[in-house]
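Chains as they are written, first to last, in this note's numbering: chain A, 7 to 316; chain B, 276 to 631. Encoded as C-alpha cells, the structure appears first; notes follow it.
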Amino acid sequence: MATGSWWAAALSESVDASRPLAVVCNGEALVLFRDASGAVCALEDRCPHRRVPLALGKVTPKGLQCGYHGWTFDGKTGACAAIPNLSADERVPPRYGARSYRVAEASGFVHVWLGDGEPDDAPLPGSFYRPHGEEHTGASIVNVAAHDYLDAMLDGPDCLVSFDGVRMTDFFLGDARTEDGWLTVDRGAVWKTRMLPPAFVTDHPLIVRTSVSLAGGAALVGLLDADEMPLVTVFVASSANRRGTTSLCWRGFRHDTRVAGAPLRWQIARATGRAPFRIREQIDGAALAALLVAPSRDLAAARAGIASIA
Amino acid sequence: MNTVLDSSVSAPTRNADEPGGAAPRKTGRRDWTPVNYDLRDTWFPVSHSRDVTQRPIRRIIHSQPYYLWRDDGKPVASEFRPDTPQPARARASAFTGGSGFYPVVERYGYVWAWYGNPDCADVSLLPHIPFLPLDGSLPGYTQRTVRFDATSALSVENLLDLTHADFLHAGTIGDGISESDVVEVEWTSETVTRTRIVTRKSVAPIMRWVGGVRAKYQDFRAVLHVHLRSNVCISYPRFRPGYDVPNLQPFLPVGRHRSRCDVTFNTTAAPVPLRYVMPRIAFVIQPQDNSVVRPQNERYFDPDERADLHSRFDTPGTRYRFQMEQLVQRQQRGDFSYGPDADPGRDISRLLGMND
Numbered sequence: 007m008a009t010g011s012w013w014a015a016a017l018s019e020s021v022d023a024s025r026p027l028a029v030v031c032n033g034e035a036l037v038l039f040r041d042a043s044g045a046v047c048a049l050e051d052r053c054p055h056r057r058v059p060l061a062l063g064k065v066t067p068k069g070l071q072c073g074y075h076g077w078t079f080d081g082k083t084g085a086c087a088a089i090p091n092l093s094a095d096e097r098v099p100p101r102y103g104a105r106s107y108r109v110a111e112a113s114g115f116v117h118v119w120l121g122d123g124e125p126d127d128a129p130l131p132g133s134f135y136r137p138h139g140e141e142h143t144g145a146s147i148v149n150v151a152a153h154d155y156l157d158a159m160l161d162g163p164d165c166l167v168s169f170d171g172v173r174m175t176d177f178f179l180g181d182a183r184t185e186d187g188w189l190t191v192d193r194g195a196v197w198k199t200r201m202l203p204p205a206f207v208t209d210h211p212l213i214v215r216t217s218v219s220l221a222g223g224a225a226l227v228g229l230l231d232a233d234e235m236p237l238v239t240v241f242v243a244s245s246a247n248r249r250g251t252t253s254l255c256w257r258g259f260r261h262d263t264r265v266a267g268a269p270l271r272w273q274i275a276r277a278t279g280r281a282p283f284r285i286r287e288q289i290d291g292a293a294l295a296a297l298l299v300a301p302s303r304d305l306a307a308a309r310a311g312i313a314s315i316a
Numbered sequence: 276m277n278t279v280l281d282s283s284v285s286a287p288t289r290n291a292d293e294p295g296g297a298a299p300r301k302t303g304r305r306d307w308t309p310v311n312y313d314l315r316d317t318w319f320p321v322s323h324s325r326d327v328t329q330r331p332i333r334r335i336i337h338s339q340p341y342y343l344w345r346d347d348g349k350p351v352a353s354e355f356r357p358d359t360p361q362p363a364r365a366r367a368s369a370f371t372g373g374s375g376f377y378p379v380v381e382r383y384g385y386v387w388a389w390y391g392n393p394d395c396a397d398v399s400l401l402p403h404i405p406f407l408p409l410d411g412s413l414p415g416y417t418q419r420t421v422r423f424d425a426t427s428a429l430s431v432e433n434l435l436d437l438t439h440a441d442f443l444h445a446g447t448i449g450d451g452i453s454e455s456d457v458v459e460v461e462w463t464s465e466t467v468t469r470t471r472i473v474t475r476k477s478v479a480p481i482m483r484w485v486g487g488v489r490a491k492y493q494d495f496r497a498v499l500h501v502h503l504r505s506n507v508c509i510s511y512p513r514f515r516p517g518y519d520v521p522n523l524q525p526f527l528p529v530g531r532h533r534s535r536c537d538v539t540f541n542t543t544a545a546p547v548p549l550r551y552v553m554p555r556i557a558f559v560i561q562p563q564d565n566s567v568v569r570p571q572n573e574r575y576f577d578p579d580e581r582a583d584l585h586s587r588f589d590t591p592g593t594r595y596r597f598q599m600e601q602l603v604q605r606q607q608r609g610d611f612s613y614g615p616d617a618d619p620g621r622d623i624s625r626l627l628g629m630n631d
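Given below as C-alpha cells:
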C-alpha cells in the first residue's frame, strides 16, 4: 500500500531543457528539468558525490551535469551516466546514482511522487483543474507554514486570494463537506460596488468555494454566481518549504459565464483580459492571526479518516 | 612517507570508485563530518604581519578569540583586548594557561599563534615554507585575504580537489583536457601532499592573456602540501612554458561555518602584469568556490546514512579525509603528540619540486 502521494511541484512551463529548476516540495529539495526527449525529470537536489545542489549544474544530452565536478545523472533513473575524464576502459559503477522521483504532468503542473510505495490509480491533483481560455499563472514562496496556509484557505481565503471587485464574507454557506478526497466549504461574497455592506444583503450574489485536497497541498478556489455557475477557477499548489515557509504555484482562468449584475469594472477586466484574481504573495500576518478556527477544524479529522482507511 | 600513484593514462579496466589504495574502505564506516573538527596543539598563521599594528585586531580560531597587536614592535596575541580590566582577565582559558596570552611567533610574513596547550608550543613545529622569506619581506601586492563560506576542512578538500577546476574555474584556470594527467599522493600522520603532473594541457587563460604565454599547450606540475592540524596549504605550481606561482593558503578555522584565508602568492619572479594579477585571482576563484561549498557545508553537519561516492580522481581528498579522521580520533583519545613520522618543520623544497 502506497503511503506517498502526488504533489504539484511546479508549473510545466517553468521546467525546460535550458536550465534546471530548484524547488522545495513538501520539505524535500528537488531539481526539475527536461531531458533530451522533453520529458520532465525530478532528482534529489543533492549530488551523491559531494552533496552540492544539482540545480547549480546544467542539462546535457546525457542528463543533468553537476556544476562542481561534472558527474552526470540520468533524469529518469538517477543513474550516474558519466564521470568526466574516465578513460575508455573504465565504467561508472552501476550502484552510483542520485535519488530520482516519479513525475507526471497534468493540466500545466509537474507532479512529483513523494513518499513510499508506488503511485496508485489516484488522480493527479492537477487533473481536477481543467482550464478554458486564457490562463493566469504564477509561483512564489509565502511567509507562512504550509499547514497554516491550507487552514487559512478554508477559514479565511481572503487573506490569501482576492477576486477583482469582489468582497468575500466570512458567512459560511453550510459546513465543510468531504467529497472525492477534497474538503470543501462555501462562503458568501458580494460585489464591492454595492452601496450597502454585506450584512444588509438578502442573498449573496456570489459564492467563494474553497476545496483543499486531503492527500496533498492542493487547493481549488472558485468564484461562482448565485446559481453556482463558475466565474473564476484557481488551482493553488502548496507545499512546505524551509523555515516555515510555503512554496506556491498556481494557475487560474475566467469562465465564459456571463454574470448578471456584474459591475462595469468586472466587464472591462473581462474585455481586456486582465487577471480576475490575485494570489497574495505578501500575507497580512495580523489578518491571518485574527482568523478564527472554523472549517479547518474538519481538515485534520478528514485527513485522519483517510489515513485510517489507508 | 606513504605514497599512492594514480594515472589517467595507464588505468586498467576497473570501476571508477576503486580507490587505488587510497583511503581504506570499510563497511559501516562513519560518515565524514568535517565541520566538527577541532584539532589542537598547532601553530595557526592568524594574520599577515602587516595587518598587526599597535591597534588591536581580532581573529578567531574555532570560536576562540585572538586579539593581536604590537607592543614595542613585537606581536602580542591575547584572549583579551589590551584595555580589558584586570578582574575580567581572571576568565583566561586553558588555551593561554590562565595567563591570557597565547604563545606567538612571527615568520614568513605572518603572525603565528598557538592553539592548544601552551606548554606544548614549540617553534620547531612551525611549517617550513621555502618560497617565503623568513622575515616576510615581500611586497604588499603578494598578499590578499579571502573568505570561504565553509568550514576549513571543506575548504582544504576543495583545494586538494583536482577535477572541480575543470568546471567551476575553466574560464580562469582552463579545462581538463590534456595528453596525460598523473596524480601522486603522499602522506604522513600530520600531512598530505598531492602532486599533479600534466602534460600538453591547453594553456590556462590567465597564463595566456596575462602571462603572455603564446604556446598552444603547456605542461605543469602542481604540488600541494597540507598540514592537517593547521590547514596550512603550501602550494607550488610550475608551468612550462610559463612561470612558477608558489603560494601559501592557510585556512583559519573561524568556526563551523566559515574559514578565513590570508594568502600569499610569491609572484615576484613573474613578469608584469602577471605578478600583480595572479594574487588577485583569488577574488575571481573564491566566489566560484563559495557557490558550491556554501550549500555543501550545511550538509556535512550531521552524519548522513548515505556516505559520499568517490571516483579515483578523489584519491587526494579521500586520503585527506582518512588522515584527518585518524588525527581526530587520536586527539579524542587524549593524544595530542606528533608522531615519529611527523616533522612539520622539515625542509620541503625537494618535495615541492623547487630544486628540479
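Where a beta carbon is used, it is the ideal one built from N, C-alpha and C, also for glycine. For clarity, every value in this text was computed on a predicted model and none was experimentally measured.
Neighbouring residues, chain A, relative to residue i (Cβ below 7 angstroms)
{"i": "Ser566/B", "result": "Leu62"}
{"i": "Tyr341/B", "result": "Those within 7 angstroms of Tyr341/B in chain A number zero; the least Cβ separation is about 31 angstroms."}
Proximal residues of chain B, C-beta to C-beta of residue i below 9 angstroms
{"i": "His55/A", "result": "Asp583, Leu584, His585, Ser586, Asp589"}
Cutoff 9 angstroms: residue i Cβ touching any chain C Cβ
{"i": "His532/B", "result": "Going by chain labels, chain C is absent from the structure shown, which instead holds the protein chains A and B."}
Residue i: contacting residues in chain B (beta-carbon distance under 7 angstroms)
{"i": "His75/A", "result": "Thr438, His439, Phe442"}
{"i": "Val58/A", "result": "Val567, Pro570, Gln571"}
{"i": "Tyr107/A", "result": "Residues of chain B passing the Cβ test: none, with the nearest at roughly 16 angstroms."}
Separation of residue j from residue i, as counted between CA atoms
{"i": "Ala298/B", "j": "Ile556/B", "result": "Low per-residue confidence applies at Ala298/B: pLDDT is 43, beneath 50, and the placement is therefore not dependable enough to give any value."}
{"i": "Lys301/B", "j": "Thr417/B", "result": "Low confidence applies here, because Lys301/B scores a pLDDT of 46, under 50, leaving its location unreliable; read the following figure in that light. Rounded to the nearest angstrom, the two C-alpha atoms are 44 angstroms apart."}
{"i": "Ala490/B", "j": "Arg550/B", "result": "19 angstroms"}
{"i": "Arg136/A", "j": "Ser113/A", "result": "7 angstroms"}
{"i": "Gln339/B", "j": "Gly373/B", "result": "14 angstroms"}
{"i": "Arg56/A", "j": "Gly84/A", "result": "16 angstroms"}
{"i": "Asp181/A", "j": "Asp157/A", "result": "15 angstroms"}
{"i": "Met7/A", "j": "Arg105/A", "result": "Reliability fails at Met7/A, whose pLDDT of 48 lies under 50, so the model's placement of it is uncertain and the value that follows must be treated cautiously. Taking the straight line joining both Cα atoms gives about 21 angstroms."}
{"i": "Ala428/B", "j": "Gly222/A", "result": "41 angstroms"}
{"i": "Val547/B", "j": "Trp484/B", "result": "12 angstroms"}
{"i": "Asp579/B", "j": "Leu314/B", "result": "22 angstroms"}
{"i": "Pro125/A", "j": "Ser11/A", "result": "7 angstroms"}
{"i": "Arg625/B", "j": "Asp316/B", "result": "27 angstroms"}
{"i": "Leu49/A", "j": "Ile147/A", "result": "21 angstroms"}
{"i": "Asp170/A", "j": "Arg581/B", "result": "50 angstroms"}
{"i": "His444/B", "j": "Ile481/B", "result": "11 angstroms"}
{"i": "Phe540/B", "j": "Pro554/B", "result": "5 angstroms"}
{"i": "Gly250/A", "j": "Ala16/A", "result": "19 angstroms"}
{"i": "Phe39/A", "j": "Ala14/A", "result": "15 angstroms"}
{"i": "Arg193/A", "j": "Gly291/A", "result": "22 angstroms"}
{"i": "Tyr74/A", "j": "Arg569/B", "result": "12 angstroms"}
{"i": "Thr216/A", "j": "Leu226/A", "result": "6 angstroms"}
{"i": "Ile404/B", "j": "Gly620/B", "result": "9 angstroms"}
{"i": "Glu600/B", "j": "Leu503/B", "result": "10 angstroms"}
8 angstroms Cβ cut-off: residues of chain B touching residue i
{"i": "Ala236/A", "result": "The sequence as given places Pro at residue 236/A; Ala does not occur at that position. The contacting residues do not exist; Pro236/A stays about 44 angstroms from chain B at best."}
{"i": "Arg52/A", "result": "Arg574"}
Cβ-Cβ separation, residue j to residue i (assumed contact under 8 angstroms), whole Å
{"i": "Asn91/A", "j": "Thr438/B", "result": "6 angstroms"}
{"i": "Val398/B", "j": "Ala388/B", "result": "Not really, about 12 angstroms apart at Cβ, beyond 8 angstroms."}
{"i": "Val30/A", "j": "Arg248/A", "result": "6 angstroms"}
{"i": "Ser219/A", "j": "Pro131/A", "result": "6 angstroms"}
Proximity test, residue i beta-carbon vs the ligand HEM heavy atom, cut-off 8 angstroms
{"i": "Arg52/A", "result": "Within the structure as shown, the ligand HEM is missing, as the structure has no ligands at all."}
Q. What residues in the segment 79-98 of chain A have a beta carbon less than 9 angstroms from any beta carbon of chain B?
A. For the segment 79-98 of chain A, residues whose beta-carbon sits nearer than 9 angstroms to a beta-carbon of chain B comprise Cys86, Ile89, Pro90, Asn91, Leu92, Ser93, Asp95, Glu96, Arg97, Val98.
**Q.** Residues, ordered as in the chain, of the segment 133-156 of chain A that lie near chain B by beta-carbon distance below 7 angstroms
**A.** Within the segment 133-156 of chain A, no residue qualifies.
Q: For the segment 378-424 of chain B, list the beta strand (DSSP E) runs that are entirely contained and at least 3 residues long, ordered along the chain.
A: The segment 378-424 of chain B contains these whole beta strand (DSSP E) runs: 379-382, 385-390, 418-423.
Q. What are the complete alpha helix (DSSP H) segments, minimum 4 residues, inside the segment 24-60 of chain A?
A. The segment 24-60 of chain A contains no whole alpha helix (DSSP H) run of 4 or more residues.
Q. Along the chain, which unbroken stretches of the beta strand (DSSP E) at least 3 residues long are found entirely within the segment 141-218 of chain A?
A. DSSP runs (the beta strand (DSSP E)) wholly in the segment 141-218 of chain A: 141-148, 167-169, 172-178, 183-185, 188-197.
Q: Within the segment 525-555 of chain B, note down every full beta strand (DSSP E) run reaching 3 residues or more, in order along the chain.
A: List check, beta strand (DSSP E) in window: 534-540.
Q. Taking only runs of the alpha helix (DSSP H) that begin and end inside the segment 440-485 of chain B, which ones reach a length of at least 4 residues, in chain order?
A. Entirely contained in the segment 440-485 of chain B, the alpha helix (DSSP H) runs reaching 4 residues are, in chain order, 440-443, 445-448, 480-484.
(Q) In chain order, what are the residue ranges of uninterrupted beta strand (DSSP E) at least 3 long that sit wholly in the segment 219-261 of chain A? (A) Contiguous beta strand (DSSP E) elements confined to the segment 219-261 of chain A occur at 224-231, 236-246, 252-260, taking only those with 3 or more residues.
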